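>
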Amino acid sequence: MTTPTLLARRINFELSELSAYDAHHEFEHLCRELAKARLVSNVLPATGPVAAGGDQGRDFETFHTYLATGLRFATGFLGLATSDTVVFACTLQRDDLKSKIKSDLKSICTQGTEVQRVYFFASASVPVAQRHDLQKFARDTYQVELEILDGLAIAELLTDPDIFWIAETYLRLTADLRPPSPSGEPPFPEWYTALKRQWTAAERVPVNHGDFSQLIRGLRHATDTREARPDLATWLSLVEQFLACGPHSDAVQRARYEIARATLRGAGDLRPAEHHVRTFFAEITSMTAPAALLDASVLLQYATTATLAGEAALDDDQLRTWTIELRQHLTTLLEDPATPGHRAGILHAAASLSLHIDYSALPERRPTVDPILELSDSAPDDLGGITEMPSWTPLVDTDHAMSCLAELVDLLADAPTYPVDSLANYFDMLAPVLADHPLYDRVRGGLDEVTSRQSGDAAKAQRCRARAISLCRSGNWLAALRDLHEAKVTWWHGDTMRDALLSMRFLSRVYSELAMPLAAKQYALSAAYAASVLPQRDLTDLVPAGLFAAANADHSTGAWLSALRMTHAAVVLHTQFAAAPWNFDRHRDLATATAHATMIQAAARHRPQLADPVTQLIADAGLAPFVDGLLAEDRTQWEWDEATWRAQAERDLSGAPFCDAAPIRVFQFKALGQRWSVRCRNARPVVVAAEEFCAAAQILLVELATADPVLLATTVDIDCELFAAGREPAERAQPIPDNTCSRWKVHLPSEGPESPEEINDQLLPILVQILRHNSLLPADTFMKIIKDALRRGLAHKLTTASSYRRMTAFFTREADPTDRVRADPLGDTTKPFPFTGAVALAAPTTPGPGYDRDEAERMIKDRYTNASAMTRHTLPQALRDTSLRAYFADLLADGRKEWHLLMALANLVLNHRMLVLTGSVPSRVTKDDITREQQADDPMPSSAQIREQFDTFLAAGVVSAAESWGLQVNQVTPDIAAIEALLKTRYRYWDDDIDHVPVLPVS
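Just so you know, the sequence shown maps onto residues 442 to 1444 in the numbering used here.
(1) With Ala1112 and Leu1282 assumed to form a contact (beta carbons below 8 Å), what rounded beta-carbon distance in angstroms separates them?
(2) What span of residues does the beta strand (DSSP E) with His1188 cover, start to end?
(3) Ignoring anything shorter than 3 residues, give me the beta strand (DSSP E) runs that lie fully in the stretch 577-662, in order along the chain.
(4) Can you check DSSP and say which residues form a bridge with Gln1115?
(5) Using a 10 Å radius around the Cβ and a threshold of 16 neighbouring Cβ atoms, would you call Pro1066 buried or exposed?
(6) Report yes if the C-beta distance between Leu1395 and Ile1371 is below 8 Å; otherwise report no.
(7) Near Thr1414, which residues of its chain fall below 7 Å by C-beta distance, leaving aside the five closest residues on each side in sequence?
(8) Sorted by chain position, which residues of the same chain lie with C-beta nearer than 6 Å to Ala747's C-beta, five sequence neighbours on each side aside?
(9) Within the same chain, show all residues whose beta-carbon is closer than 6 Å to that of Ala1004, passing over the 5 residues directly before and after it, in chain order.
(10) Relative to the C-alpha of Ala1250, which residue among Ile1435, Gln1390, Ala779, Leu988 is closest?
(11) For Val1440, tell me which candidate among Pro620, Cys1100, Gln903, His1341 has the shortest Cα-Cα distance.
(12) Using the C-alpha atoms, what's the distance from Leu1058 back to Phe1025?
(13) From Leu853 to Ile657, what does the alpha carbon distance come to, in whole angstroms?
(14) Tell me whether the beta-carbon of Val1187 lies closer than 8 Å to the beta-carbon of Phe1134.
(15) Can you tell which of Ile787, Ile1105, Glu1144, Leu660 has its C-alpha closest to the C-alpha of Ser678?
(16) Identify whether Glu458 lies in helix, strand or coil by the three-state DSSP scheme.
(17) If the criterion is Cβ atoms closer than 8 Å, does the pair Tyr560 and His470 meet it?
(18) Between Val951 and Cys913, is the Cβ-Cβ spacing less than 8 Å?
(19) Could you tell me whether the Cβ atoms of Leu735 and Ser793 are closer together than 8 Å?
(20) Enumerate in chain order the residues of its own chain whose CB-to-CB distance from Ala1020 is below 6 Å, with the five nearest sequence positions on each side excluded.
(21) Relative to the C-alpha of Tyr583, which candidate in Arg558, Asp591, Leu673 has its C-alpha closest?
(22) So if DSSP puts Thr1156 in a beta bridge, which residue, or which two residues, is it bridged to?
(23) Helix, strand or coil for Ile1041, going by three-state DSSP, please let me know.
(24) Any idea if Gln1412 is buried or exposed, counting beta-carbon neighbours within 10 angstroms, 16 or more meaning buried?
(25) Hey, Cys1161 and Cys1121 are a contact pair by Cβ (cut 8 Å); roughly how many whole angstroms apart?
(26) For Val648, which residues from the same chain have a beta carbon less than 7 Å from its beta carbon, with the 5 sequence-adjacent residues on both sides left out?
(27) Is the number of C-beta pairs between the stretch 712-723 and the stretch 755-772 that are closer than 8 Å three or more?
(28) Per the DSSP calculation, Gln1175 is bridged to which residue(s)?
(29) Tell me which residues share the same chain as Leu749 and place their Cβ nearer than 6 Å to its Cβ, disregarding the 5 neighbours each side in the sequence.
(30) Spell out the partners DSSP gives Cys1121 in its beta bridges.
(31) Give the C-beta separation of Tyr970 and Leu948 to the nearest angstrom, bearing in mind that I take them to be a contact with Cβ-Cβ under 8 Å.
(32) Can you name the start and end residues of the alpha helix (DSSP H) that His841 belongs to?
(33) Using the rule of at least 16 other Cβ atoms within 10 Å of the residue's Cβ for burial, across every protein chain shown, is Lys1225 buried or exposed?
(34) Please go through the stretch 901-947 and give each complete alpha helix (DSSP H) segment of 4 or more residues, from N-terminal end onward.
(35) Starting from the Cα of Ala986, find the closest Cα among Asp1030, Met1007, Ala960 and give me that residue.
(36) Which residue wins for smallest C-alpha separation from Ala388, given the options Phe1391, Ala1385, Trp1431, Ile1387?
Structure (structure tokens):
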């Protein structure tokens, strides 16, 4: 719904457009009607004449040759005597307005008629200081009172529902911008009852735009208010009478639109108004005003929906024809030059048309996604939300719509007052459908920037949060994260800090949904820490809430002792700050923590050395009576053996139960096809540093999920150690040679970073180094992705309220006896715990950067040609060897293409020839080397040498294939299996081939 403030901005924008089009006539009439309707009242014979000023250097002239015989002004409004003469002047001039007003004052005041007051209407804004200077000039020079109504003042006046018709008529505003009724008004408010009485008590015929405005106000109230629906026929009849008067064509089209809208929405059947719809679209090519064209788009969607619902008798061919005609008309209008604001309006209408629902493509089975759980016990609706389209909703032409919107937001720099509120609301509603489009971020950012400029940062942040909730409901967690981070930063100041911290709790939940538990824990701790140290008194309830969320994150990783320690801190603060703290129905965080504690108590019986520490931690938290009660009611978990606990953990957790009691801590997570395993000694300083490192890694991986860094699907195996001050190693991240995985030793400082800058300086370079080694992108391309992530705010995403180490120390006891308890995790420790990953962070399966099917076939053709020449004599010799023939047949049976084997053999032959002839193998070969036909007297490898070296050259062929697509192997010891897997998935390495005559045997 458009607020009065936003409506005033829209009107002010349209006034500026009049200047752009040099539309003097429209502005003169607008000012005249405004003077009559708002400034002039109690119409009586008067001696004081009213005159009006012209524009742009023209001689002084009247709007109207005196309004009738003269008009008496309301002395309460203007403070004039009955004999006062008032002159109205107007101008569209925007430059050097001060000189223009002085010039017109001279024309007005030197005509021989004594003037007491001048009202000057200007479409441009006039600064307050300049207004005061001009008023003083008028009094001192001409002894007249000067009132200046600039664009902002005129816009404010025109938001009055009673005279909004003036803006509709002369500024051609869309019908849906009509000022809303006051919130909470009764079904039959006083204004409606009076309006109805005026139009039904006497035989009154509507004749002008003022009448039309009143009728539409009554019609809309009857349409949209159930109790007033019986009046609908009366209002429709009156608007039909207005149509019969044959006013200006724009008003006629608007009347047809309103009748169709009211008939469909109020009566539930478009058929009685179908003739108006047909006439409306028959005249579509005569419409040029953006607002009217937007009405046309809306009406077309109404008509389409009504037809599908059986509420209209229109046929599909007719609707399709109207759609084509409207699209073509909009395209034609966009080909003509226009001001930025006018073009933005046409683009808005064109985008709206393309964003219609494509009903012909609706799926028969609609996927469902569970809505996100409420994030606040005390105020479950704290986060608000918007009505959103399901992500599976098909739209008519998403690419065209997003292209129009992208151009529109680019134009906003030249049309800074263009109103985007309704467009932004509709875009937010469609966010789940549009979030994966390549232009989504560009359009979203442009609309949010303008929203922030026009309505303030708070409105932008609220829009981001509402959009995030919609995206979560549709399961698009990654897009939701972008909006939540934006909301968090925008709200990060004193007056809105609570909203910022709620956004951080929301972020914790989303990272948890993405199976990034350490990132979730960091954001939960950040919300709790900030709420603890900030001076605002309304934040205290967020402290235990954040700690409960941190405990949940620990529990999800199998770090059950750590979870109990965090639960202890949460319960202590919860009992201090919460009302009725032990009301489990009211405080679901407490209920969840108690359920987890009960589970841990039951599981501890399988590790006698943990039983007493667990019991003590539960007792310290004050949960023992409740845990004992739950265990007494249901002893099911007491019956589970270790295998059952392990199976349950593998289904629900990302780590084995009590993994934080093992001598070596292991943190593991999965994202973008990579399996990360981070190990460290189980000592609190090392563990907390490793958790900080893992949290940063998880946040970075999530950030890169939409950027496609072309990461290998490999295991990233890391050993973490601390180093003391003054004993820093030469390299903080040291790669360890290993062809089966990406193995590293990472050294972290024993003293944690203090500032966000230090955190990024310590952790980000290490993570970027590891990821760059595991990416197949060239170094400069990969670093561009990192720089883009930093530009999008990666730095503030990696760090929040304080360092992870400081926040952890703030909420945990320095000396905790359970820190020294050691035991094996539950289950078979010789069996690796499965890696857990979210669907949203799965490895990409789309074609890789640069892939093109035609180019692939061209390269394969060259490989066949070159390999045939290079192995002219060696291949027949090799095929005479029975064991080699069987070996080749097995490789082909496994799914390899013939060109894989021929290129491996060709490279092996070339390598052997070079080695025999020159004594060494050059690092690079020339084009002549790989196209030269093999001669009978060339040195040739034996069958035994071919079999011995063939696997090596098959692997070299994988690297060569990657490089042919512009990729780059950055690992010192390449993980060939991972490289080949990526090529198979994203470059069709085992799929692409061309028709050819086979030369190798098959099984």
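Heads up, the beta-carbon is just placed ideally off N, CA and C, and yes, glycines get one too.
As the structure is a computational prediction, the values presented were derived from the model and not from experiment.
This is what the structure gives:
(1) Here the question's residue 1112 lines up with position 671 in the sequence shown. Here the question's residue 1282 lines up with position 841 in the sequence shown. Going by Cβ atoms, the distance from Ala1112 to Leu1282 rounds to 4 Å, so yes, they are a contact pair.
(2) Taking the first residue of the sequence shown as position 1, residue 1188 is located at position 747. Residues 1183-1190.
(3) 586-590
(4) What you label residue 1115 is simply residue 674 of the sequence shown in a count that begins at 1. Looking at the DSSP assignment, Gln1115 forms a beta bridge with Ala1112.
(5) Taking the first residue of the sequence shown as 1, we reach residue 1066 at position 625. Exposed, because fewer than 16 other Cβ atoms sit within 10 Å of the Cβ of Pro1066.
(6) Reading the sequence shown from its first residue, position 954 is the one you call residue 1395. Reading the sequence shown from its first residue, position 930 is the one you call residue 1371. Contact: no.
(7) As a first step, residue 1414 is located in the sequence shown; it is residue number 973 there, counting from the start. So the qualifying residues of the chain are Pro1178, Asp1179, Asn1180.
(8) Translated into the one-based positions of the sequence shown, residue 747 becomes position 306. Leu705, Leu711, Ala753.
(9) Within the sequence shown, numbered from 1, the residue matching residue 1004 stands at position 563. Counting only Cβ-Cβ distances below 6 Å, and skipping sequence neighbours, we find Ala992, Asp995, His996.
(10) Counting from 1 along the sequence shown, the entry for residue 1250 is found at position 809. Nearest of Ile1435, Gln1390, Ala779, Leu988 to Ala1250, Cα basis: Leu988.
(11) For the purposes of this step, residue 1440 is taken as residue 999 along the sequence shown, with counting starting at 1. Looking at the Cα atoms, His1341 is the closest of the given residues.
(12) Mapped onto the sequence shown, residue 1025 falls at position 584. Mapped onto the sequence shown, residue 1058 falls at position 617. Cα to Cα, the separation comes out at about 20 Å.
(13) For this step, residue 853 is matched to residue 412 along the sequence shown. For this step, residue 657 is matched to residue 216 along the sequence shown. Near 31 Å, if we compare the C-alpha coordinates of Ile657 and Leu853.
(14) As a working note, residue 1187 is residue 746 in the sequence shown. As a working note, residue 1134 is residue 693 in the sequence shown. Yes, they are a contact pair.
(15) As a position in the sequence shown, residue 678 is number 237, starting the count at 1. Ranking the options by Cα distance to Ser678, first place goes to Leu660.
(16) As a first step, residue 458 is located in the sequence shown; it is residue number 17 there, counting from the start. The answer is helix: DSSP assigns Glu458 an H, G or I state.
(17) Position 119 of the sequence shown holds residue 560. Position 29 of the sequence shown holds residue 470. Contact flag unset, no.
(18) Along the sequence shown, read from residue 1 onward, the residue named residue 951 stands at position 510. Along the sequence shown, read from residue 1 onward, the residue named residue 913 stands at position 472. Closer than 8 Å, so yes.
(19) Translated into the one-based positions of the sequence shown, residue 735 becomes position 294. Translated into the one-based positions of the sequence shown, residue 793 becomes position 352. Contact flag set, yes.
(20) Counting from 1 along the sequence shown, the entry for residue 1020 is found at position 579. Around Ala1020: no qualifying Cβ.
(21) As a working note, residue 583 is residue 142 in the sequence shown. Among Arg558, Asp591, Leu673, the Cα nearest to that of Tyr583 is on Arg558.
(22) The residue given as residue 1156 occupies position 715 in the sequence shown. According to DSSP, which records beta bridges pairwise, Thr1156 is partnered with Arg1116.
(23) Working through the sequence shown from its first residue, we reach residue 1041 at position 600. It is helical.
(24) Numbered from 1 along the sequence shown, position 971 holds the residue referred to as residue 1412. The residue is buried, with at least 16 neighbouring Cβ atoms inside 10 Å.
(25) What you label residue 1161 is simply residue 720 of the sequence shown in a count that begins at 1. What you label residue 1121 is simply residue 680 of the sequence shown in a count that begins at 1. Right, the Cβ-Cβ distance comes to about 4 Å (below 8 Å), so this counts as a contact.
(26) As a first step, residue 648 is located in the sequence shown; it is residue number 207 there, counting from the start. Around Val648: Cys686.
(27) yes
(28) Taking the first residue of the sequence shown as position 1, residue 1175 is located at position 734. Gln1175 is bridged to Lys1186.
(29) On the sequence shown, residue 749 is found 308 positions in, with the first residue counted as 1. So the qualifying residues of the chain are Tyr800.
(30) Counted from its first residue, the sequence shown places residue 1121 at position 680. According to DSSP, Cys1121 bridges with Arg1106.
(31) The count along the sequence shown starts at 1 and reaches residue 970 at position 529. The count along the sequence shown starts at 1 and reaches residue 948 at position 507. Not quite, the Cβ-Cβ distance comes to about 14 Å (not below 8 Å), so this is no contact.
(32) The residue you call residue 841 lines up with position 400 of the sequence shown. Counting along the chain, the alpha helix (DSSP H) containing His841 begins and ends at 839-852.
(33) Against the sequence shown, residue 1225 aligns to sequence position 784. Exposed.
(34) 918-931
(35) Position 545 of the sequence shown, counted from the start, is the residue given in the question as residue 986. For the residues Asp1030, Met1007, Ala960, the minimum Cα distance to Ala986 belongs to Asp1030.
(36) The chain is shown from 442 up to 1444; residue 388 falls before or after that span and cannot be answered.
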